[in-house]
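Each residue of the sequence shown is one higher than the last, beginning at -3 in this note's numbering. For every residue, glycine included, the Cβ atom is placed at its ideal position computed from N, Cα and C. In what follows, a single structure is set out as structure tokens and then discussed.
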Amino acid sequence: MPRAPKSPVLARTKPLRKRAFARRRAPARSEEDRQVKFLRILDAALDVFSEKGFARSRLEDVAARAGIAKGTIYLYVPSKQGLFEALIRSGIGSAVEEIEQRLAAFDASAEDRLRALFRFFNKEVLGTRRRNIVRLLIVEAERIPALADFYHREVLTRALGLLRRIARDAVERGEFKSDELVRFPQLIVAPGVAALIWSDLFQRLEPIDMEAMFEAHLTLLMRALKGEAA
């Protein structure tokens, strides 16, 4: 039986469908490319800010390091400060979000949750370029209070809220006999700040095993909060 000739209508519409499908997919590829470029800009910004300091850095320097035109940066952020804020949000803010999700799915004691938090901080902050973002903030926050305000709003408020929830749950379960960590969750993060400063200034002179230091700090906290003898 002879094959029927192809319909001239289908012959025309198939390529049109293909082109229409390509047009529908193009925005997704474009958005992916946009995000990749923004990550390259953020990576370049961290390099430049770390080398020159925030005040001495220029957006021209960041653009040159990223291999793009300066104007491209303004497609993502309105200013140099906006670029630093994007670094904080994408670098440290994303880390806080990740540990929040991990601990929410981790059915364990407060001690084990805090131990997991210290390990995460040691590996994902101290052990990565994220530590440079915190270091920059410590240096620049006094001169640019708006950066400290942004970090407090975007990062610290969430991190301290997480620590308070862990401590409050432990008190309600009877795991902790004291509510000091509910009132002062900063006591938990204190060794993290010490580790950042020490690693910058003195680690080459007197190396510290940061993971062991965090474990020692946690042990002391747990003894005090649980009312255990040393």
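Could you tell me which of the options sits nearest to residue i, measuring between CA atoms?
i      : options                           : result
ILE95  : ARG149, ARG179 and ASN118         : ASN118
ILE134 : ALA220, VAL44, VAL58 and ILE84    : ILE84
LEU152 : TYR72, ILE88, GLY170 and GLY49    : ILE88
ARG179 : GLU171, VAL167 and PRO187         : VAL167
ARG131 : ILE193, PHE114 and ALA142         : ILE193
LEU217 : VAL185, LEU55 and SER195          : VAL185
PRO187 : ARG219, ASP165, ARG115 and ARG149 : ARG115
ALA75  : SER86, LEU55, ALA60 and ARG61     : Position check: residue 75 holds Ser in this sequence, whereas Ala was assumed. Nearest C-alpha to SER75: LEU55.
ALA144 : GLU27, PRO203, PHE102 and GLN77   : GLN77
ILE140 : ARG109, GLU81 and SER105          : GLU81
GLY123 : ARG52, MET206 and ARG149          : MET206
GLN182 : ARG154, GLN31 and GLN97           : ARG154
ARG98  : LEU113, SER105 and SER86          : LEU113
GLU136 : SER86, SER53 and GLU224           : SER53
May I have the straight-line CA-CA distance separating residue i from residue j, to the nearest angstrom?
i      : j      : result
ARG125 : PHE34  : 17 Å
GLU107 : LEU177 : 12 Å
ALA91  : LEU79  : 18 Å
GLU138 : ASN128 : 17 Å
LYS66  : GLU171 : 55 Å
VAL58  : VAL121 : 23 Å
TYR72  : GLY63  : 15 Å
ALA220 : TYR70  : 51 Å
LEU201 : LYS48  : 25 Å
TYR147 : THR68  : 25 Å
LEU214 : SER26  : 47 Å
LEU110 : ALA100 : 12 Å
ALA163 : ILE204 : 28 Å
LEU42  : VAL189 : 20 Å
ASP165 : ARG61  : 47 Å
ARG30  : ALA40  : 15 Å
PHE102 : PHE198 : 35 Å
SER174 : SER86  : 35 Å
Using DSSP with H/G/I as helix, E/B as strand and the rest coil, what is residue i?
i      : result
ARG19  : With a pLDDT of only 46 at ARG19, under 50, the local geometry of the prediction cannot be trusted, and the value read off the model is given with reservation. Three-state DSSP puts ARG19 in a helix.
ARG61  : helix
GLY87  : helix
ARG102 : The sequence given here has Phe at residue 102, not Arg. Here PHE102 sits in coil by DSSP.
VAL140 : The question names Val, yet the displayed sequence has Ile at residue 140. It is coil, neither helix nor strand.
ASP204 : This sequence places Ile at residue 204; Asp is not what is there. Residue state, collapsed to three classes: coil.
ARG111 : helix
TYR72  : coil
ARG52  : coil
ALA125 : Before going further, note that residue 125 is Arg rather than Ala in the sequence given. ARG125: coil per DSSP, three-state reduction.
PRO187 : helix
GLN199 : coil
ASP175 : coil
GLU224 : coil
PHE116 : helix
GLY157 : helix
ILE180 : According to the sequence shown, residue 180 is Phe rather than Ile. Reduced to three states, the DSSP call for PHE180 is coil.
GLY170 : coil
Counting Cβ pairs, one atom from each stretch, are 3 or more of them under 8 Å apart for the segment 151 to 164 and the segment 210 to 217? no
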